[in-house]
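Working notes, beginning with the structure itself.
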Amino acid sequence: MRYSFFSKKLVAVIFLIAGFVSAQNHEGEEVETGAHDLKTQIKEYIDHHLLDSYDFNLYSYTTDQGEHKYIGFPLPVILWDNGLKVFSSSQFEHGEAVAEVDGNHYALYHNKIYRTDAEGTINFGGHHGDETHTEDAFGENLVVDDAHPTNEKPLDFSITKNVVFIMAVALLMFLVFRSMAKRYQKSTMPKGVGRFLEPLVLFVRDEIAIPNIGEHKYKRYMSYLLTVFFFVWVINLLGLTPLGVNVTNNIAVTFALAMITYLITTFTGNKNYWKHIFWMPGVPVPMKIILAPIELLGTFIKPFSLMIRLYANITAGHVVLMSIIGLMFIFKNWIGSPLSFLLAFALSLLELLVAALQAYIFTMLSALYFGMAVEEDHH
Amino acid sequence: MEKLIEQFSFGLFFWQLLLFVALLFLLRKYAWKPILGAVEKREEGIKGALEAAEAAKKEMQNVTADSERLLKEARAERDVLLKEARDIKANIIAEAKEQAQVEGDKMIKQAQATIESEKKAAVADIKAQVANLSVEIAEKVIKQELSDKGKQQKLVEDMLGDIKLN
Chain A
67 MRYSFFSKKL VAVIFLIAGF VSAQNHEGEE VETGAHDLKT QIKEYIDHHL
117 LDSYDFNLYS YTTDQGEHKY IGFPLPVILW DNGLKVFSSS QFEHGEAVAE
167 VDGNHYALYH NKIYRTDAEG TINFGGHHGD ETHTEDAFGE NLVVDDAHPT
217 NEKPLDFSIT KNVVFIMAVA LLMFLVFRSM AKRYQKSTMP KGVGRFLEPL
267 VLFVRDEIAI PNIGEHKYKR YMSYLLTVFF FVWVINLLGL TPLGVNVTNN
317 IAVTFALAMI TYLITTFTGN KNYWKHIFWM PGVPVPMKII LAPIELLGTF
367 IKPFSLMIRL YANITAGHVV LMSIIGLMFI FKNWIGSPLS FLLAFALSLL
417 ELLVAALQAY IFTMLSALYF GMAVEEDHH
Chain B
-7 MEKLIEQFSF GLFFWQLLLF VALLFLLRKY AWKPILGAVE KREEGIKGAL
43 EAAEAAKKEM QNVTADSERL LKEARAERDV LLKEARDIKA NIIAEAKEQA
93 QVEGDKMIKQ AQATIESEKK AAVADIKAQV ANLSVEIAEK VIKQELSDKG
143 KQQKLVEDML GDIKLN
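This is the structure:
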């Protein structure tokens, strides 16, 4: 009772702040450019929100003098470009300057780091016929949306905003579950945060692991299932906070998670599992030959679907939520703001459900694949 | 799809993989194993306690049955003992009666024998006295007769009158 009341209050406050922060942002940009290309602006803002960032900015605004102000702090940029290059992201000045390290110049273009010359020139090629045209990295005439810069891209290991959040979630999870585990040393009854988390742990064990993997083999997968369940859930929830990070809408993150599921499935698969892939029992020989590549492809498609499902659900949720908040600036009359707020609030509640649901589905399907990998021969 | 590949950030992938795997192993060692172990231990404990309670219940039922059986046995034994006691009492009484009868008979017989012997002795005594008296009478009579016939007659009659009720 106490928990739910607290969380309700907390969530309400969070969304109020979320609306406020984004409202500030848009108002700032609106002053600068007027309402003419407001829709484009909102679209750009949403795109920007969905992307990772080299700075940790809570929000930005534009002063009356047309100067961009950012509230936040820079993060370290780590590049591997013929040697390790580490510098602060403040050198980019939010994409408006060229960073210079050990005689190499780097510039941001569409939120990616490219190696450039001292002026930050971005070269384009391929898509526009034979001629290669160049463009200033911070130029306003970005008509070549589908063009790819031909500049060299250094290997980028930067601690971006999303990496910071992955670290924070990992640290938070470690501290919380470690303290929960410590309490069990004193008594086997859950205390404090364990009272809330133990039912969830038991849920993963009794409703996800045991039904899908089986009574005898579920134990070796429990660590992964629990970790991925709580990780995805917590990081999805953090994506709904006004901090505005959404780690799970990065294909790289969901790819890493799905890859671990794939690797565990592949390396714990028993003889029966591989037999069902390469030499399906109970069907005629020509069918066996036809089924083998399909089944083999299936082993990749399964984790691939995991990756896309999590990515797409979270991205879609964020795009719709941001668009609804954006409605506020398009309507510009008395009905716009309340309508936008109500819709955004309702959608936020839905997104809370989606955050948990996607964590559940990812864990459930992983458990299902593990279950297939260790299933014994029934024939 | 092309957009997805373009969006793919190797750095983020690298950090996610590294941090997640590190988290996985740390949590496995410091959290999941102790937590699941404790939960399992508790569940086993609860299961054990339930089983023990069930066993205790059965034991209790056995004990109750046992005590009831013992009680029944004790009751039966008591009844047997009481019956025996009653029998013994009856026997003792009967025997005592019999003995008393026998003793009484014996005493009566003895008394009768004594009476008889007393009687005999008395008769004998009487006989002796009678004889004596007779002899005395005879003596006197003889002495009187010697002096007067009439007197003698009278003497005999007096004497006979004296001893009539003797």
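Protein chains in written order, with my numbering: chain A, 67 to 445; chain B, -7 to 158.
Just so you know, even glycine gets a beta-carbon here, dropped at the ideal spot from N, CA and C.
Proximal residues of chain C, C-beta to C-beta of residue i below 7 Å
{"i": "A41(B)", "result": "In the structure shown, chain C cannot be found, because the protein chains are A and B."}
Contact belief for residue i with residue j at Cβ below 8 Å, rounded distance in angstroms
{"i": "L11(B)", "j": "I317(A)", "result": "The Cβ separation is near 17 Å, so there is no contact."}
{"i": "A425(A)", "j": "V298(A)", "result": "4 Å"}
{"i": "I225(A)", "j": "N315(A)", "result": "Between N315(A) and I225(A) the Cβ distance is about 19 Å, and since that is not below 8 Å, they are no contact."}
{"i": "G402(A)", "j": "L393(A)", "result": "6 Å"}
{"i": "A30(B)", "j": "Y250(A)", "result": "3 Å"}
{"i": "F436(A)", "j": "T334(A)", "result": "7 Å"}
{"i": "A433(A)", "j": "N336(A)", "result": "Contact flag wrong, Cβ pair sits at about 16 Å."}
Range covered by the beta strand (DSSP E) that runs through residue i
{"i": "L174(A)", "result": "N170 to Y175"}
{"i": "Y136(A)", "result": "H134 to P140"}
{"i": "D121(A)", "result": "D121 to T128"}
{"i": "S154(A)", "result": "L150 to S154"}
{"i": "R164(B)", "result": "Because residue 164(B) is not part of the residues shown, which for chain B are -7 to 158, the question remains open."}
Distance, residue j Cα to residue i Cα
{"i": "I427(A)", "j": "V294(A)", "result": "11 Å"}
{"i": "H228(A)", "j": "N189(A)", "result": "The sequence given here places Asn at residue 228(A); His does not occur at that position. Rounded to whole angstroms, N228(A) to N189(A) spans 28 Å at the Cα level."}
{"i": "V36(A)", "j": "L306(A)", "result": "No answer is possible for residue 36(A): the residues shown for chain A start at 67 and end at 445."}
{"i": "A236(A)", "j": "F17(B)", "result": "11 Å"}
{"i": "A45(B)", "j": "V55(B)", "result": "15 Å"}
{"i": "E166(A)", "j": "G186(A)", "result": "10 Å"}
{"i": "S154(A)", "j": "N399(A)", "result": "43 Å"}
{"i": "L376(A)", "j": "I343(A)", "result": "26 Å"}
{"i": "V210(A)", "j": "H176(A)", "result": "Confidence is the limiting factor: at V210(A) the pLDDT is only 45, short of 50, which leaves the residue's position unreliable, though a coordinate-based value still follows. Rounded to whole angstroms, V210(A) to H176(A) spans 12 Å at the Cα level."}
{"i": "V115(B)", "j": "V133(B)", "result": "25 Å"}
{"i": "K368(A)", "j": "E133(A)", "result": "49 Å"}
{"i": "D113(A)", "j": "T429(A)", "result": "28 Å"}
{"i": "V440(A)", "j": "W340(A)", "result": "10 Å"}
{"i": "G37(B)", "j": "E361(A)", "result": "45 Å"}
{"i": "K449(A)", "j": "K248(A)", "result": "Summary: the structure shown does not reach residue 449(A), with chain A confined to residues 67 through 445, and so no result is reported for it."}
{"i": "I85(B)", "j": "L73(B)", "result": "18 Å"}
{"i": "S59(B)", "j": "A47(B)", "result": "18 Å"}
{"i": "A378(A)", "j": "S253(A)", "result": "43 Å"}
Contact with chain A by residue i, beta-carbon distance below 8 Å
{"i": "K230(B)", "result": "There is simply no residue 230(B) to check, as chain B begins at -7 and stops at 158 in what is shown."}
{"i": "A44(B)", "result": "no"}
{"i": "Q(-1)(B)", "result": "yes"}
{"i": "R67(B)", "result": "no"}
{"i": "A23(B)", "result": "yes"}
CB contact below 8 Å: residue i versus chain B
{"i": "S154(A)", "result": "no"}
{"i": "F269(A)", "result": "no"}
{"i": "E98(A)", "result": "Confidence at E98(A) is low in this model, with a pLDDT of 45, below 50, so its placement is unreliable and no value can be given for it."}
{"i": "N148(A)", "result": "no"}
{"i": "E264(A)", "result": "yes"}
{"i": "Y290(A)", "result": "yes"}
{"i": "F370(A)", "result": "no"}
{"i": "Y172(A)", "result": "no"}
{"i": "T226(A)", "result": "yes"}
{"i": "D118(A)", "result": "yes"}
{"i": "R244(A)", "result": "yes"}
{"i": "Y175(A)", "result": "no"}
{"i": "A421(A)", "result": "no"}
{"i": "Y180(A)", "result": "no"}
Contacts of residue i in chain B (Cβ-Cβ under 9 Å)
{"i": "I326(A)", "result": "L9, F12, V13 and L16"}
{"i": "A382(A)", "result": "In chain order: nothing, as chain B lies at least about 14 Å away."}
{"i": "A163(A)", "result": "Chain B residues near A163(A): none, gap ~21 Å exceeds 9 Å."}
Residue i: contacting residues in chain B (beta-carbon distance under 7 Å)
{"i": "V229(A)", "result": "L4 and W7"}
{"i": "E110(A)", "result": "Ordered by position in chain B, no residue passes the 7 Å Cβ test against E110(A), which lies about 15 Å from the chain."}
{"i": "I317(A)", "result": "L(-4), Q(-1) and F0"}
Contact list for residue i against chain A, beta-carbon separation under 9 Å
{"i": "R164(B)", "result": "Given a span of -7 to 158 for chain B in the structure shown, any question on residue 164(B) remains unanswerable."}
Delimiting residues of the alpha helix (DSSP H) encompassing residue i
{"i": "V167(A)", "result": "Run containing V167(A): none in the alpha helix (DSSP H); it sits in the beta strand (DSSP E), A165 to V167."}
{"i": "T327(A)", "result": "I317 to T334"}
{"i": "Y446(A)", "result": "Since the first and last residues shown for chain A are 67 and 445, residue 446(A) lies out of range."}
{"i": "E(-2)(B)", "result": "E(-6) to Q(-1)"}
{"i": "L363(A)", "result": "V351 to F397"}
{"i": "D113(A)", "result": "L104 to L116"}
{"i": "N278(A)", "result": "I276 to I279"}
{"i": "V267(A)", "result": "V259 to F269"}
{"i": "E417(A)", "result": "G402 to V440"}
{"i": "N302(A)", "result": "K285 to G305"}
Beta-carbon neighbours of residue i, restricted to chain B and to distances below 8 Å
{"i": "T254(A)", "result": "A30, V31, K33, R34 and G37"}
{"i": "I232(A)", "result": "W7, Q8, L11 and F12"}
{"i": "D222(A)", "result": "S1, F2 and G3"}
{"i": "F240(A)", "result": "L15, L18, L19, Y22 and A23"}
{"i": "A236(A)", "result": "L11, F12, A14 and L15"}
{"i": "F321(A)", "result": "F0 and F5"}
Beta-carbon neighbours of residue i, restricted to chain A and to distances below 8 Å
{"i": "R20(B)", "result": "S289 and T293"}
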